[in-house]
Amino acid sequence: MSLITCCPACGTMFKVVADQLKISDGWVRCGHCAQVFDAPAHMVGGEPVAAPAATSSPPPAAARVAAPTVSPVPARPAPLPPTSRVAEPAAPVAADTDLEPPPSRPFVTEAAPDEVPVAAGIEVEEIPVFGPEELRRAQVETAQADEPVQEVSFIRDARRRAFWTRPLVRFVLVLVLLALAGVLAVQVAVQERDRLAASEPALKPLLTQLCAYLQCSVGPARQIESVAIDSSSFSKLRPDTYRLSFTLKNAAAMPIAVPAMELTLTDTQEQAVVRRVLTPADLGAAPVLPASGEWAASVTLSVAPTAGNGRISGYRLLAFYP
């Protein structure tokens, strides 16, 4: 006997067979909205019945409603072919005379085909599909590529040491050091040219050529610490005339330049009244003091009356190089 049940979700009416209800324990799925429901509890035109027993008599014919097929409910529901909605609940449905026998494995659904036929002449472009793991890995690699590479300290130190140990770098460093040493030697030679020429007479021609290029001159050495005033005297000859006598001694083992002399006349309070500088030309001295030698000088000085010569009572004598 054919029965009619109604989907409680969408109201679509279906015909059911007692054999199918028996196999599925009364549970069916709506072919329109895929709602699973208890068919005997939603029968149309009668009270809810339990799952009917198998019957061999064909169901009566129906008139205007298409005959949707209700399949047993599998363990994991699969969609059934859609059916048409019935306009009026009381309308009869078409007879189902070609019902296929229930499958031996009602709970197994067919898998979707792996390949879909493509119309001739249409090119299909394969688009690579990336999963979440591939996308995350690509993002990480892109971020790492954008970040500047930070070298480890010991790698950087090893690379620096390897650079300075290259033969070419070593050769260039040696040349630079030799050039700097030469420049320093020339600077010292120019600065101490007088002392070198006095202590090493053989170097005097070379130093003279160097000074000709650098626009300097080679003279006697200046070593004021080796000059000593051995004796001196200051006497008045006339009211405005005085005589200064002194002796210079060279304590060095090489000739040195004659220094200039500073004469300071003082009063009774040891305050300077007159100060005068006497150069070697004023003293009529030779330009060089011989090694471990002495030189005596005597010079007459005139002091103007306006200079306060009436208050002169003493003097100071100092040797220096201007």
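Per this note's numbering, the very first residue in the sequence shown carries number 31; after that it's consecutive.
For each residue, glycine too, the CB sits at the ideal point set by N, CA and C.
Predicted model only: the values in this text are computed from it and were never measured.
Pick from Asp270, Arg225 and Ala327 that is closest to isoleucine 259, judged by C-alpha positions: Out of Asp270, Arg225 and Ala327, Ala327 has the C-alpha closest to the C-alpha of isoleucine 259.
On a Cα-Cα basis, can you pick out the residue from Ser32, Thr271, Tyr272 and Gln253 that is closest to leucine 283? Per the sequence presented here, residue 283 reads as alanine, with leucine not at that position. Checking every option, the nearest Cα to that of alanine 283 belongs to Gln253.
May I have the straight-line CA-CA distance separating leucine 207 from leucine 214, to the nearest angstrom? 10 Å
With a Cβ-Cβ cutoff of 8 Å, do glycine 9 and threonine 296 count as a contact? Residue 9 lies beyond the residue range present for the chain, which begins at 31 and ends at 352; the question has no answer from this structure.
Within the stretch 202-258, ranges of the alpha helix (DSSP H) (whole runs, at least 4 residues): 223-229 and 234-244
Helix, strand or coil for serine 265? Go by DSSP, reduced to three states. strand
From what residue to what residue does the alpha helix (DSSP H) around isoleucine 34 run? Taken as a continuous stretch (DSSP letters only), isoleucine 34 belongs to no alpha helix (DSSP H), being part of the beta strand (DSSP E) at 32-36.
Would you mind reading off the limits of the alpha helix (DSSP H) that contains serine 183? 183-194
Helix, strand or coil: which one does DSSP assign to proline 104? With a pLDDT of only 44 at proline 104, under 50, the local geometry of the prediction cannot be trusted, and the value read off the model is given with reservation. In the structure shown, proline 104 sits in coil (DSSP, three-state: anything other than H, G, I, E or B).
What three-state label does DSSP hand valine 199 in the structure shown? Residue state for valine 199 is assigned as helix, using DSSP reduced to three classes.
Pick out the complete beta strand (DSSP E) segments inside the stretch 271-319, 3 residues or longer, and give them in chain order. 271-280, 290-296 and 302-308
Ignore the nearest five residues each way along the sequence and tell me which others in proline 310's own chain have a CB closer than 7 Å to its CB. Val288, Ala290 and Pro317
What does DSSP give as the partner residue(s) for leucine 347 in the beta ladder? Leu293
Reduced DSSP secondary structure (H/G/I, E/B, other) of alanine 71: Helix.
Residue from Val248, Ser54, Ala219 and Pro231 whose Cα sits closest to the Cα of threonine 238: Comparing Cα positions, the closest option is Val248.
Could you spell out where the alpha helix (DSSP H) holding alanine 39 opens and where it closes? It is not in any alpha helix (DSSP H) - alanine 39 carries neither H nor E in the DSSP assignment.
Tryptophan 325 versus arginine 306 - alpha carbon distance: 20 Å
According to DSSP, is aspartate 49 helix, strand or coil? helix
Quick check: what's the CA-CA separation for glutamine 245 versus serine 265? 44 Å
So, are the CB atoms of alanine 192 and proline 285 less than 8 Å apart? no
Would you give the residue range spanned by the beta strand (DSSP E) that alanine 6 belongs to? This structure cannot settle anything about residue 6, because the visible part of the chain is limited to 31 through 352.
Alpha carbon of alanine 349 to alpha carbon of leucine 274, nearest angstrom: Whole-angstrom Cα-Cα distance: 14 Å.
Using only the alpha-carbon positions, how far apart do aspartate 312 and alanine 281 sit? Distance between aspartate 312 and alanine 281, taken at the CA atoms: about 23 Å.
Counterpart residues of arginine 59 in DSSP-defined beta bridges: In the DSSP output, where bridge partners are listed per residue, arginine 59 has Val66.
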